[in-house]
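Right, one structure below, let's go through it.
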Amino acid sequence: MSAAAGAASIPWWREPTREQWLAWWAAWAGWTLDSFDFTVFLLIMLPISQEFGVPLTAVTAVFAITLWLRLLGATASGWLADRVGRKLPLMISILWYSLCNFAAGFSPNFTFLFVFRALLGVGMGAEWPAGASLAMESWPARSRGLMSSILQSSWGIGFLLSSLVYGLLYSSIGWRGMLWLG
104 MSAAAGAASI PWWREPTREQ WLAWWAAWAG WTLDSFDFTV FLLIMLPISQ EFGVPLTAVT
164 AVFAITLWLR LLGATASGWL ADRVGRKLPL MISILWYSLC NFAAGFSPNF TFLFVFRALL
224 GVGMGAEWPA GASLAMESWP ARSRGLMSSI LQSSWGIGFL LSSLVYGLLY SSIGWRGMLW
284 LG
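Residue numbers (my numbering): 104 to 285.
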């Protein structure tokens, strides 16, 4: 029996090694958390505007700068991942955006929030290039397309989670608590 025939006789989910599965799950969790952190902000923009006494358009500027700085994070992460491997940039990105979001929850004023959410964008942008390439570059070809699409769908799962958590907990923990959860 040829190697190809042998590989086709085992279920696709048994082809990846333990390390490949761990890399995939790390990327999946990172992208899900990235989405949660990013999308939860959409749900709390009005209370932030009200607490700091700034126009809602100023809070949407925070959202916009987060998006713009994702470009910087993605570029830096891709460059670093090509030089030192994918794992370290992925770990740094998740730690970076988690700490920035947590710090933003302690914002004493709008400027503090603006700065930490802007910095958060760098970490968020860094997650996808490092995580997706780590997970998919060595994944078995037979299921690479399927697992890549499931990996990408974790963004939607993070959005659903942010909405669910908002609905369940916002009235108890407020906008700051929502950032701390992220």
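Idealized CB from N, CA, C, for every residue including glycine.
These numbers come from a predicted model, not from an experiment.
Check: Rounded C-beta distance between LEU159 and SER152? I'm assuming under 8 Å.
Finding: Contact between LEU159 and SER152 is confirmed by a C-beta separation of about 5 Å, below the 8 Å threshold.
Margin query: I'd like the span of the alpha helix (DSSP H) that includes PRO232, first residue to last.
Written below: Segment 213-239, the alpha helix (DSSP H) holding PRO232.
Next item on the list: Could you check the C-alpha separation between ALA244 and LEU125 for me, to the nearest Å?
Entry: ALA244 and LEU125: Cα-Cα distance of roughly 17 Å.
Checklist line | Where ARG121 falls: helix, strand or coil (DSSP) | finding: ARG121 sits in a helix when the DSSP states are folded into three classes.
Notebook entry, point to check: Using the C-alpha atoms, what's the distance from GLY224 back to ILE168?
Noted result: Between ILE168 and GLY224, the C-alpha separation is close to 7 Å.
Notebook entry, point to check: How close, in whole Å, do the beta carbons of ALA130 and LEU254 come, if the pair is a contact with beta carbons under 8 Å?
Noted result: The beta carbons of ALA130 and LEU254 sit about 6 Å from each other, so the pair counts as a contact at 8 Å.
Item checked: PHE144 in three-state terms, based on DSSP -> Taken through DSSP and simplified to helix, strand or coil, PHE144 comes out as helix.
Note to self: I need the DSSP call for PRO158, collapsed to helix, strand or coil.
What the structure shows: Three-state result, PRO158: coil.
Note to self: Taking only three categories from DSSP, how would you classify TRP171?
What the structure shows: TRP171 sits in a helix when the DSSP states are folded into three classes.
Margin query: Less than 8 Å between the beta carbons of LEU222 and CYS203, yes or no?
Written below: Contact flag set, yes.
Item checked: Own chain residues within Cβ distance below 6 Å of MET104, not counting five before or after -> Low confidence applies here, because MET104 scores a pLDDT of 47, under 50, leaving its location unreliable; read the following figure in that light. Counting only Cβ-Cβ distances below 6 Å, and skipping sequence neighbours, we find nothing.
Next item on the list: Following the continuous alpha helix (DSSP H) through PRO192, name the residue where it begins and the one where it ends.
Entry: Element bounds for PRO192: 190-207.
Next item on the list: Classify GLY270 as buried or exposed, calling it buried when 16 or more other Cβ atoms lie within 10 Å of its own Cβ.
Entry: Exposed: under 16 other Cβ atoms inside 10 Å.
Next item on the list: Kindly list the residues whose CB is nearer than 6 Å to the CB of ARG173, restricted to its own chain and excluding five residues on each side of it in sequence; keep chain order.
Entry: Close CB contacts of ARG173 within its chain, under the 6 Å cut and outside five residues either way in sequence, are with GLY224, MET227 and GLY228 (chain order).
Checklist line | Boundaries (first-last residue) of the alpha helix (DSSP H) holding GLY261 | finding: Here the alpha helix (DSSP H) through GLY261 covers 244-284.
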